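J.: Provided herewith is a single structure, encoded as structure tokens, for subsequent inquiry.
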Amino acid sequence: MRTSPPRLVLGLMSAERAVRRWVDGRSGDSGIGAAGAGVLFHLAAHDGALVGEVTAALNASAAGTSGLVNRLAAAGLLRKTPDPADARAVRLSLTPRGREVEAAARSILAELNELLVDGFTPEELATVARWLARTTELSRLAAR
């Protein structure tokens, strides 16, 4: 008798929603959520990044990133400035408030990471990380 393969796509999508809900539920009054935290993390490491660079780093859509960046700017977490070399391009930088929220989000995700790895061996986690990297690569393969 043949057994059914694990329902990986459903499991991955359910896990993604659960992680987002967990992060969103702990974002407090910042209201930035998981996607906004990703933008803040990228800018903390790449101050003055172009919007397109943030979009690529997050593996997101241009329209989705644009809306998210506008909401984060309206909340006073980042500032948008024209690129001196290309007036059509926009560079992003964290504000002091954005740095505070980024630090809080980093703490929230450290707690989540501890919960996620609890009970798994380093070898098991390496397999999960490899599987997630391969899954992420699918979007690049589909674009070909």
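Counting in this note's numbering, the sequence shown runs from 1059 upward without gaps. Every residue gets a Cβ at the ideal spot worked out from N, C-alpha and C, and that includes glycine. For clarity, every value in this text was computed on a predicted model and none was experimentally measured.
#1: Short of 6 Å in beta carbon distance, which residues of its chain neighbour ALA1147, apart from the five on each side in sequence? Order them along the chain.
#2: Quick one: give me the first and last residue of the beta strand (DSSP E) that ALA1145 is part of.
#3: Taking C-beta to C-beta, are ILE1090 and LEU1130 nearer than 8 Å?
#4: Pull up the CB-CB distance for VAL1077 and ALA1092, whole angstroms please, since I reckon it's below 8 Å.
#5: Looking at the secondary structure, which residues open and close the alpha helix (DSSP H) in which ARG1084 lies?
#6: If the criterion is Cβ atoms closer than 8 Å, does the pair THR1153 and LEU1136 meet it?
#7: Quick check: the Cα distance between LEU1183 and ASP1144, rounded to an integer number of angstroms?
#8: CB-CB under 6 Å to SER1085, same chain, minus the five flanking residues each way: which ones, in chain order?
#9: Using the DSSP secondary-structure output, state which residues sit across from ARG1157 in a beta bridge.
#10: Where does the unbroken alpha helix (DSSP H) through THR1185 begin, and where does it stop?
#11: Mind reading off the beta-carbon distance from LEU1116 to GLY1094? Whole number of angstroms is fine, and I expect it under 8 Å.
#12: To the nearest angstrom, how far is the alpha carbon of GLY1110 from that of THR1061?
#13: Bridge partners for ARG1137 per DSSP, in chain order?
#14: Starting from ALA1118, trace the alpha helix (DSSP H) both ways and give me its first and last residue.
#15: Throw me the rounded Cβ distance for the LEU1098 and VAL1159 pair, which I believe falls under 8 Å.
T.: Looking at the atomic coordinates:
#1: LEU1108, ASP1141
#2: 1144-1152
#3: yes
#4: 7 Å
#5: Per DSSP, ARG1084 belongs to no alpha helix (DSSP H) and is neither H nor E.
#6: yes
#7: Using only the alpha carbons, I get a separation of about 43 Å.
#8: GLY1091
#9: DSSP output for ARG1157 lists no bridge partner at all.
#10: 1180-1200
#11: In fact, because the Cβ distance is near 10 Å, the residues do not count as touching under 8 Å.
#12: 44 Å
#13: SER1151
#14: Taken as a continuous stretch (DSSP letters only), ALA1118 belongs to no alpha helix (DSSP H), as it is neither H nor E.
#15: 6 Å
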